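Please read the structure below before turning to the comments.
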Amino acid sequence: MELGPYLLFASLEGLVHAAVLSLIALGLSLVFGVMRIVNVAHGEFFMLGAIITWWVSSFVSGNPAIGFLLALLVVPIIVGMTAVLSDWLILRHLKYDPEATIIATIGILYIIQQFALMTFGPDAKPVEQPFNIRLDLYWFGFSAYKFFVIFSAIILLLAIWLVMSKTKFGLILRATQLDSETAQAFGIPISRVYNIVFGLGAAIAAVGAVLIVPIQQAHYLMGGEPLLLAFIVVIIGGLGSLKGTVAAAILIGMSDGIISVFFSPNIAKILATLLVVVVLIIKPNGLFGTTKT
Amino acid sequence: MRKDIILHLSALLFLFLLEILGIFSEYHQGNFARILVLAAYGVGYNILFGYTGLLSLGHALFFSAGLYASGLSIYHLDYNIEQSLFLAICISALISLIIGFLALRTIGVSFMIVTLMFSQIAYLSILYFGSITRGDEGFVIQQSSRVFLSMDLSNPKIRYYSALLIFSLCMLINLWIAKSPFGRVLVAIRENSDRALMLGYNVKLYKLFSIIISGTISGLAGACYGILFGYVGASFAAVSYSIFPLLWVLIGGAGTVLGPLIGAIFMFYLIDYASDITDAYMIIVGVALLFVTLFARRGIIGELRFRYYKWIS
Amino acid sequence: MDILNDELLYTENLSKNFQGITAVDKVNFKINKNEIRALIGPNGAGKTTFVSLLCGRIRASKGKVFFNGSDISNLPVYKRISSGIGYTFQITAIFSNLTVYENVALSIKNRRDKEKRSIIFEVLNKVGLLDRVSQRSGDLSYGHQRLLELAMGMAQRPKLLILDEPTQGLSDLEIENFKKLIKDFSKTMTVLLIEHNMDVVMSIADKITVLHFGKIISEGDKHSIQSDPLVQKAYLGDQC
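Residue numbers (this note's numbering), protein chains in the order written: chain A, 1 to 293; chain B, 1 to 313; chain C, 1 to 240.
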C-alpha cells in the first residue's frame with residue numbers, strides 16, 4: 001500500500017479509537033465536573049461492560065445483531081447500577097472527600113478486577129460483530145462496523161450535549177457543578193444527583209465497551225489502558241471541561257490510533273505523555289481548562 | 001521527646017534481637033527481610049503522603065527507577081554493589097526532581113492523575129525497551145554479583161541484617177525529618193498549605209524537596225530489593241506497586257514513623273495467610289483499601305497516637 | 001512626630017479583573033508607619049481582594065505595590081511575607097493538628113531556638129494563651145483560635161500586619177480584649193484592619209479608608225468618614 005492510502009487507513013483506525021476514548025473520557029470528566037472526584041475504577045466499569053457484553057451475546061443464539069442490540073440496552077444499565085450501588089455503599093459515606101474517594105475507588109478497582117478474573121476467567125474472549133460487511137474503499141477494505149462505531153459515538157456525544165444544554169436535568173447538573181451548596185439551597189437533591197451522575201459516568205463508558213468489544217475482544221485486564229488514556233485526555237483537555245475532554249480525546253485517540261498502526265501502541269502512549277508534559281509546562285490547567293482543580 | 005526516640009530505637013533493637021536470638025524460622029526470616037525493604041519503600045512514600053499531604057499514585061516509578069538503575073548496571077555493565085547503589089540513588093533523585101517539577105504544576109486531584117500517568121508510562125517503557133530490560137520476564141542478578149564487602153548478600157542471615165540496616169537508615173532519616181523544623185513545615189503544608197504560604201514559606205520548594213527525598217528513599221529501597229532478592233522485573237513498576245505503599249501507610253498510620261512497617265507486616269501476612277484459602281489477593285487489597293478509608297482513617301499507630309500516646313512521632 | 005509619618009506601603013493604580021469584572025479599580029492607597037488603618041466597605045467592595053493583592057495571594061492585573069521603599073509587585077507571596085508583611089485569614093486558619101506552641105513556632109523563621117522560645121512565650125502571654133501552650137490547637141475554643149491567629153501574626157514580627165475581620169464571631173468581652181491587643185501592637189508595627197464592626201473601627205483606627213466597588217470613595221479620620229455623604233450612600237444603598 002502506498003503512503004497516502006496507508007495514512008487514510010491509519011486515520012480511520014484512529015477515529016475508531018478516538019470515538020470510544022471520547023466516551024470513556026467523557027464519563028470520567030462528567031463525574032469529576034459535577035462531583036469533583038476522580039473515579040480510578042472508571043476503566044474497570046468499562047471492562048465490566050465488555051465482559052457483560054460477551055455474556056449477553058453468548059446467551060443469545062442466532063443472529064449476532066440481536067445479542068449486540070440487547071447488550072447495548074442492558075449493559076449500560078447493569079454497569080450503571082453497579083456504579084450507583086458502589087456510590088451508595090461507599091463513596092457517599094466518605095462525603096466525597098477527594099483523597100478518600102480516590103483511595104476507595106482504587107479498592108473498587110481491585111474488587112471488580114478480581115471478580116472478573118474469577119467469573120470470566122483469565123483469557124480474552126471474542127464477540128462476533130453484529131454485521132459483517134466490508135466496505136471496499138478502493139485501496140483497502142474497511143469494516144462497516146467500525147464506521148458504525150464512529151457514527152454511534154457521535155450520536156451519543158450529541159445526545160449528551162443536548163441533555164446537558166437543553167433539558168432541566170442538564171440544568172441541574174450544571175448548577176451542581178457551579179456551586180453544589182447553592183444548588184442544594186435551591187432544593188436540588190444533591191446526593192441523588194451525585195448518585196445518578198456516578199452511574200451515568202460508568203454507563204457512558206459501558207456503551208463504549210459494548211461498541212468496542214466486537215473489534216477488540218473482552219479481557220479482565222482491558223480497563224487499564226483506557227483509564228491511562230482517559231487520564232491523559234482529561235489533563236490535556238482540562239479536568240471537568242466536557243468540550244475540552246472531547247477535543248482532547250479526538251486528538252489523543254487519533255494520534256494513538258495512527259501511531260499504533262505505524263509504530264507501536266506503547267510508543268503512542270509514550271508520545272502522548274510527552275504531549276502532557278508540554279501542556280503541563282505551558283498551560284497547567286489544560287488546554288481548555290479555566291478552573292483550578 | 002526522649003520517650004519517642006527510645007520507642008523507635010527499641011523497635012529496631014527488637015527486630016535485631018528477633019534474628020540474633022534465632023527466634024525466626026527460616027520462612028519468617030525471609031518474609032521479614034522482604035517486609036523490611038518494602039517498609040523502607042513505605043517510609044519513603046510516607047514522607048510525601050503522610051507528612052506533606054501529597055497523594056502520589058505513581059511511586060512505583062521511583063521504586064523501579066532504583067531497581068532498574070542498579071539491576072541494569074550490574075547486569076549489563078558489571079557494576080559492583082557500591083557503584084550500582086550510588087547510581088540508583090542519583091538516578092532516582094534526578095527522576096524525582098523532574099517528575100516533581102512537572103507534577104507540582106498541578107494541584108489537588110490532577111497531581112494524583114499526573115503521577116499515576118507518568119508511572120504507567122515508565123511501566124510501558126520498560127516493556128517497550130524489552131531488549132535491554134527483558135520486559136515482563138525480567139532478569140536475575142547472579143549470586144556472584146551480589147557480594148558486598150566480601151559478604152554474600154544471598155545468605156539469608158546477611159540478607160536479613162542488610163534489610164534491617166536499610167530500613168533503620170530510612171526510618172531514622174524519617175524520624176529526624178519529623179523532629180526537624182523542616183518536617184514541621186511539611187506538616188504545616190499538609191494541614192493548610194495556604195496558611196503555610198502566608199507565613200512566608202516557599203511551599204512549592206518544600207513540596208519539591210519532599211518529593212525528592214521521598215522518591216530517592218523509594219529508589220534506594222527498590223535498588224536494595226533487586227540486589228537482596230536477585231530479581232528485577234516489570235511487575236515492580238506496575239500500578240500495584242504504587243498502591244501497596246499507600247495501603248501500608250494508611251493501615252499503619254499516615255504521618256507516623258512506624259506506620260509503614262506495621263502496615264507492611266500486616267498486609268504481607270494477611271495476604272500470606274489468606275493465600276491458603278484463596279488466591280484472590282486483589283480482593284483482599286481492595287477490601288483493605290475500602291476498610292481503611294471507611295472506618296480507620298488514622299491507621300493503627302495514628303489511632304494510638306490520637307487516643308493515648310500523643311508523643312509518638 | 002514627623003519621623004513616624006513616613007509611608008510604609010503604597011500602591012499605584014492597583015487593579016484586578018476577574019473575567020471582565022473589576023474587583024479592584026486603580027487604587028492609590030498609602031499607609032504610614034505605626035498607624036492603625038481600618039479598611040471598610042459594604043460586602044463585595046473588594047476589601048479582601050485588595051489586601052490579597054498587597055501580600056501577593058492574588059496577582060494584580062495592573063498597577064504596583066511599594067513596600068518599605070521598594071517595588072514588591074513582582075515578588076512571590078513568600079518573599080513579600082519575609083520582607084515584613086503579616087496576614088491573618090478571615091476564616092480561622094490554624095494548623096489544628098499541631099499544638100499551640102508549634103503553631104506559633106511555625107511563624108518564626110531564621111532565629112535561634114532560645115530566641116524563638118522567648119518570642120513564643122512572650123506573644124502567648126500577651127494574648128493570654130500561655131496556659132494552653134501544649135494543647136492541640138484544634139481543641140481550642142473559637143475565640144481562643146482567633147487569639148492564636150493573632151499571636152501567630154505578632155510572632156512574625158511584621159512591619160505591616162494585615163488582619164482580615166479578626167473580630168468576626170467573637171463575644172463583646174473578647175472584642176474588648178482584641179481592641180486592647182491591637183492598640184498594643186501598633187506601638188511596634190503598622191496594622192491594616194478589615195473590619196465590619198463599626199464600634200471596633202471607630203474606637204481604634206487612626207484613619208479609615210472606605211472601599212466601594214473596588215474604588216476608594218473616602219479616606220480620613222472617623223469624624224470625616226461618619227459625615228461623608230458618599231459613604232452614607234454606599235452603605236445605605238447596600239441595605240436597600
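C-beta: ideal position from N, C-alpha, C; glycine also.
Owing to the predicted nature of the structure, the values given are computational and were not obtained by experimental measurement.
Per DSSP, the continuous beta strand (DSSP E) segment holding residue 22/C begins and ends at 21 to 27.
From the listed residues 90/B, 133/B, 54/B, the smallest Cα separation to residue 103/B is found for 54/B.
Shown here, residue 20/B sits in a helix according to DSSP, grouped into three states. Looking from the CA of residue 43/A, the closest CA among 208/A, 93/A, 159/A belongs to 208/A.
Across the stretch 19 to 51 of chain A, CB contacts with chain B closer than 7 Å involve 38, in sequence order along the chain.
In the structure shown, residue 212/C adopts extended strand secondary structure according to DSSP, grouped into three states. In the three-state DSSP reduction, residue 191/C falls in the strand class (E or B). With its beta carbon at least 7 Å from every one in chain B, residue 52/C lies outside the interface. The criterion of a C-beta distance shorter than 7 Å is satisfied by residue 163/C and residue 193/C. Taking 7 Å as the threshold, the shortest C-beta distance from residue 60/C to chain B does not fall below it.
Distances from the alpha-carbon of residue 16/A to those of 55/A, 63/A, 148/A put 148/A closest.
In the DSSP assignment, residue 75/B falls within the unbroken alpha helix (DSSP H) covering 60 to 77. Contact annotation: residue 206/A and residue 232/A have beta-carbon atoms that are not nearer than 7 Å. The DSSP-derived three-state label of residue 82/A is helix. Using a CB distance cut-off of 7 Å, residue 201/B counts as an interface residue toward chain C.
The CB of residue 73/C never comes closer than 7 Å to any CB in chain B; the least such distance is about 18 Å.
Inter-segment contact for the stretch 36 to 53 of chain C and the stretch 276 to 291 of chain B is absent: fewer than three beta-carbon pairs are separated by less than 8 Å. In this model, residue 89/C and residue 39/A are separated by some 33 Å (Cα to Cα). Of all residues in the stretch 104 to 133 of chain C, only 105, 106, 107, 109 place a beta-carbon less than 8 Å from a beta-carbon of chain B. Less than 7 Å separates the beta-carbon of residue 236/B from that of residue 67/B.
If one requires a minimum length of 3 residues, no beta strand (DSSP E) run lies completely within the stretch 215 to 242 of chain B.
For residue 298/B, no Cβ of chain C is located within less than 7 Å of the residue's own Cβ. Among the residues of chain C, those whose CB is under 8 Å from the CB of residue 187/B are 95, 97, 98, following chain order. Separation of residue 217/C and residue 233/C (C-alpha to C-alpha, rounded to the nearest whole angstrom) is 11 Å. The alpha-carbon of residue 127/C is positioned some 16 Å away from that of residue 107/C.
In the structure shown, residue 151/B falls within a strand segment according to DSSP collapsed to helix, strand and coil. Taking C-beta atoms under 8 Å as the contact rule, residue 63/C and residue 77/C fail to qualify, at a distance of about 17 Å.
Here the C-alpha atom of residue 275/B lies approximately 7 Å from the C-alpha atom of residue 281/B. Taking the Cβ atoms as the reference, residue 177/B lies roughly 17 Å from residue 89/B, outside the contact range of under 8 Å. Along the stretch 159 to 191 of chain B, going in chain order, the ones with a CB nearer than 9 Å to a CB of chain C are 181, 184, 185, 187, 188, 190, 191.
Assignment of residue 116/C by DSSP, reduced to helix, strand and coil, places it in the helix class.
The beta carbon of residue 99/B sits no closer than 7 Å to any beta carbon of chain A. Within its own chain, the residues whose Cβ lies closer than 7 Å to the Cβ of residue 85/B, once the five positions on either side in sequence are excluded, are 70, 223, listed in chain order.
For residue 299/B, the three-state secondary structure derived from DSSP is helix. For residue 156/C, the C-beta contacts it makes with chain B under 9 Å involve 199, 200, in order along the chain. Residue 265/B counts as buried, since no fewer than 16 other beta carbons sit within 10 angstroms of its beta carbon.
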